[in-house]
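Down below is the structure, laid out as structure tokens.
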Amino acid sequence: MLNLKNVRIDNCGTGISAPKDAKINADGLEITNTKQAIELRDPPSLMIKLGLPENTPPMYLIDAMKILEGNKKLPDKKRIDSLKNSPLVEWLGTAADLATIGCVLLSAQTQGLISSTLERIFA
1 MLNLKNVRID
11 NCGTGISAPK
21 DAKINADGLE
31 ITNTKQAIEL
41 RDPPSLMIKL
51 GLPENTPPMY
61 LIDAMKILEG
71 NKKLPDKKRI
81 DSLKNSPLVE
91 WLGTAADLAT
101 IGCVLLSAQT
111 QGLISSTLER
121 IFA
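Going by full-length UniProt numbering, the residue at position 69 of the sequence shown is 69; the numbering climbs one at a time, nothing skipped.
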């Protein structure tokens with residue numbers, strides 16, 4: 001919730017930028033001389049949050065997560081190495097830094113970011 005009371009915004013590019021689903025309560029709000037008064041933006045996609053190109057095929061991410069999950073008893077280094085021949089790494093090609101991608105995916109998996117997102121997509 002964004003509560004704005006007696007706020008004056010003047011002479012800037014964007015007066016207020018908030019997520020599309022933000023609840024905004026404004027009382028005495030004045031926005032003048034701006035390129036855009038209020039911007040309601042879409043949240044960044046999961047791919048962008050993970051540092052992957054936005055057009056990454058979701059199934060490639062899912063396959064990579066399955067590989068990591070299937071090797072969860074291995075040390076992290078070996079789990080990351082197991083991604084080497086995954087569709088995700090092959091699709092990314094030479095731009096792919098296996099260690100960086102692997103660490104990001106392991107971290108996201110540990111935090112539950114990936115599993116909760118995939119559950120919502122395929123529920």
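Backbone N, C-alpha and C fix where the C-beta goes; we use that ideal spot for every residue, glycine too. If you're wondering where the values come from, they're calculated on a predicted model, not measured in any experiment.
query: 8 Å Cβ shell around threonine 34 - same chain, five flanking residues per side excluded; result: Ile9, Asp10, Asn11, Cys12, Gly13, Thr14, Gly15
query: Beta-carbon proximity check, alanine 18 vs leucine 40, cutoff 8 Å; result: yes
query: Helix, strand or coil at threonine 100 according to DSSP, with G and I counted as helix; result: helix
query: Burial state of leucine 83 (16 or more Cβ within 10 Å); result: buried
query: When Trp91, Met65, Asn6 are compared against glycine 28, the one with the closest alpha-carbon; result: Asn6
query: Contact under 8 Å by Cβ, leucine 61 with isoleucine 80; result: no
query: Rounded C-alpha distance that separates residue 127 from proline 44; result: The requested residue 127 is not part of the displayed model; the chain covers only 1 to 123.
query: Among Leu106, Trp91, Thr110, Gln111, nearest to proline 53 - alpha-carbon criterion; result: Trp91
query: Neighbour-count burial assignment, phenylalanine 122, 16 or more Cβ in a 10 Å radius; result: Because phenylalanine 122 carries a pLDDT of 49, less than 50, the predicted location of this residue cannot be relied on, and no value is offered for it.
query: Residues of its chain near glycine 51, where Cβ-Cβ distance is below 6 Å and the 5 sequence neighbours each way are ignored; result: Val104
query: Where glycine 93 falls, given that 16 or more other Cβ within 10 Å makes a residue buried; result: exposed
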